[in-house]
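So the sequence shown is residues 17 to 166, counted in the working numbering.
Glycine included, C-beta positions come from ideal geometry on N, C-alpha and C.
Following: one structure in structure tokens, then a few remarks.
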Amino acid sequence: MTATQHATAARDAKRRHAEALGIDEAFVARMIERFYAKVRQDDVLGPIFAAHVADWTPHLVQMNHFWRSVLFSSGEFAGNPMLKHVVIPDLSRADFARWLTLFEETLGEIGTDAARDHVIERARNIANSLLSAAIVHRGGGLGPSKADML
């Protein structure tokens, strides 16, 4: 098997696994639509996003690409989420925790427990990665302690 064939097989297996949990492109679209509707209404996250997202339509398209890439290895996302987040000066652990809370609420509304657990694990890893980068970027030395993680 060539490297390309191996990568294609791995991507297909990841997509089949997600689909077996009820996670398909329609699920991702519902997740993004509902989650960001909550974010825009949220007292904590709404103002943060309003300050950084001028046009929601392209942002939502990007988030669909991002999550399909995360969940299916679709490879369709092009961007640097790390850079977008580390430049927000006051982004805190509490903000990431609120993001995860809204994300988990959204997942509970649209999918099975297995789908929620699968996606929230990835969301938590992403949040911790972005939080770690923000701490390091702000001069936090080698990074956060375990207590800093979500």
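- Ranked by how close their Cα comes to the Cα of A29, the residues L87, H153, V44 have L87 in first place.
- Taking 8 angstroms as the cut-off, the beta carbon of E120 is found no closer than this to the beta carbon of I142.
- Taking a contact to require three or more Cβ pairs closer than 8 angstroms, the segment 25–41 and the segment 96–104 do not qualify as touching.
- Taking C-beta separations shorter than 8 angstroms and ignoring five residues to either side along the sequence, the partners of E92 in its chain run H81, R84, S85, following chain order.
- Each residue's CA atom was taken as its position, placing M17 and R50 some 41 angstroms apart.
- Looking at the backbone, the Cα of A19 and that of A25 are separated by about 10 angstroms.
- Of the residues I64, R32, I48, the one whose Cα lies closest to the Cα of P74 is I48.
- DSSP places L107 in the coil class of the three-state scheme, outside both helix and strand.
- G124 counts as exposed, since fewer than 16 other C-beta atoms from the protein chains shown sit within 10 angstroms of its C-beta.
- Remark: C-beta atoms of R114 and L61 approach each other more closely than 8 angstroms.
- Taking every protein chain shown into account, the CB of H68 has fewer than 16 other CB atoms within 10 angstroms, so this residue is exposed.
- Separation of N144 and A53 (C-alpha to C-alpha, rounded to the nearest whole angstrom) is 23 angstroms.
- Counting C-beta atoms within 10 angstroms of its own C-beta, A34 has 16 or more neighbours from the protein chains shown and is therefore classed as buried.
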